Each structure stands twice: as C-alpha cells, then as structure tokens.
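Each residue of the sequence shown is one higher than the one before, counting from 928 in the working numbering.
No residue lacks a Cβ here, since even glycine has one placed at the ideal position from N, Cα and C.
Please read these numbers as outputs of a predicted model, since none were measured by experiment.
The next block holds one structure in the form of structure tokens; read it before the comments.
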Amino acid sequence: MLQIMRYFQAVTDNLVQVLQEQQEAMQQTSRVLADTVEQGGSIYITGCSHSSLFAQEVFYRAGGFILMNPIFLPGMTLETFPSTRTTKFERISGLAEAVLSETPLRQGDVLIIASVSGRNTVPVELALWAKNHGVKVIALTSIAYSSDVSSRHSSGKRLFELADFILDVMGEKGDAALSINGLQVKTAPLSTVTGITMMHAVISQTIELLIHRGLTPPVFLSANLEGGDEHNMRLLEQYRNQIHYQ
928 MLQIMRYFQA
938 VTDNLVQVLQ
948 EQQEAMQQTS
958 RVLADTVEQG
968 GSIYITGCSH
978 SSLFAQEVFY
988 RAGGFILMNP
998 IFLPGMTLET
1008 FPSTRTTKFE
1018 RISGLAEAVL
1028 SETPLRQGDV
1038 LIIASVSGRN
1048 TVPVELALWA
1058 KNHGVKVIAL
1068 TSIAYSSDVS
1078 SRHSSGKRLF
1088 ELADFILDVM
1098 GEKGDAALSI
1108 NGLQVKTAPL
1118 STVTGITMMH
1128 AVISQTIELL
1138 IHRGLTPPVF
1148 LSANLEGGDE
1158 HNMRLLEQYR
1168 NQIHYQ
C-alpha cells in the first residue's frame, strides 16, 4: 500500500507543479492551436517509442478534438517487435526527413513533438525539418531531464532548444519517480500521466477559444452513444481538408 500511496502523491505533486508553473505555456500553446485552426492550417502530433502514446491518446477518440493528426513513425511505436528496435530507430539520422516529406505538412501548420529526454536524433531532426519548412514546433518534453543529458544529434541541439513553444512535463532525469529499498534504480514514471493531462487541458482550452471566436470546434461523440456514428461522419466530412488520418 505504501508504494501505491507514494506514486499517487508523486503524480499529484507533479501535476500541481505543472499547473502552477506551466499554465502560461499551456495557454500560449492553446492560442497557437486555435490560430492554426482558424487560419485553415493543420495540427500534427508525433513521438518515438512511448512518446508515441501521446499521439495515440489525443486523436480519433470519444470526446477528442477531431483535428488532431498523428504521425506514426516507422519502427517507433509500441507495436514494433522486438521492442528494443524502437531505441535503435529513434537514433537514425534521415528518418525524420523521409517521413515528414511524405506528409501533407505545410507552412503555417503546427507539429507537436513529444520527447521527454529530447536528446535523440529523430525528435531533433523532426524539429529541424519542420522549422525549415515554416511549420511551428511545439515540444512536449522535460527541460530538467533534457538539460541534464547531451544531444545524440550531430548539431548538439536538444528538442527544447529548437522548439517555438514548450510544454514542460517537468519531472526529473530518467522520468521514474520512486526509490524503493532493495531496488538499485527508480521505478514508476510520471511523464505519460502528466503529458497526457497537459495535452487534454491544452486541447480543451483550444476548443473554448474557438467557440469564443464564433467557430464550432469538431469534437468526436462516442460511437457507442446513439447518433455517434452520424455525428462523427458529418464532422469528418466537413473538416476533411484539416484531417489527414482517414
């Protein structure tokens, strides 16, 4: 029971700290996303290995914002087998360009890149490619963690040093929160809980901003509720120019 309580407390403490210290960053990100949608642009989100979970969580889900477009990188989702391959793939130079050059990303769009350490080659090259093509970069990362490690990219840059906007999940180096007697390493990571909470908060604020601007933001209704299929198909068709996952 002790570790259960300790982990819940660690999550709560991290979320409280993020709310206190990252509220302006989240509000600013919401404004950027609302501006992008209002101007007819598209929002994309991507990440390597466990960071791909952020993209999976915020697209095509009940109550989710229909205009969130995931980019799933080859060999870097948790469906990859063997899983150890994801660690190798996220360090391969050239992969980001190969993927992004085949997407509809264009000037004026937004790319959210999730990478807690922010040090590996692919997240850095995703940011570099996006900036070179007039795409705004939002980093979902841990500045404390990333500042304490060196870049694995030839530029020496880490993701937070390239981003136009930063959503800092905070936490600590290595992500894990709990030390347990008899265990040499820490366990119980925080970044997924915190990052997903931040993303849903930012998206909800984006939706409210769009409403205040006289727009009706498209939000999925659960397909398991009556009328859900019809509601969703109508919106998918209405916003097809800003949706790239159908």
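- Of the candidates Leu1137, Lys1063, Leu1105, Met1160, Lys1063 places its Cα closest to the Cα of Leu1032.
- Looking at the DSSP output, Asp1095 bridges to Thr1068.
- Taking the CA atoms as reference points, Thr1004 sits about 10 Å from Thr973.
- When secondary structure is reduced to three states using DSSP, Asn1151 falls in the coil class, being assigned neither helix nor strand.
- A straight line joining the alpha-carbon of Ala989 with that of Thr939 spans about 25 Å.
- DSSP places Thr1114 in the uninterrupted beta strand (DSSP E) bounded by 1114-1116.
- Three or more Cβ pairs drawn from the stretch 1057-1077 and the stretch 1085-1094 lie within less than 8 Å of each other, which places the two stretches in contact.
- In this structure the stretch 1005-1016 does not lie against the stretch 1031-1046, because fewer than three pairs of beta carbons, one per stretch, are closer than 8 Å.
- When DSSP reads this structure, Thr973 sits in a beta bridge with Ile998, Ile1040.
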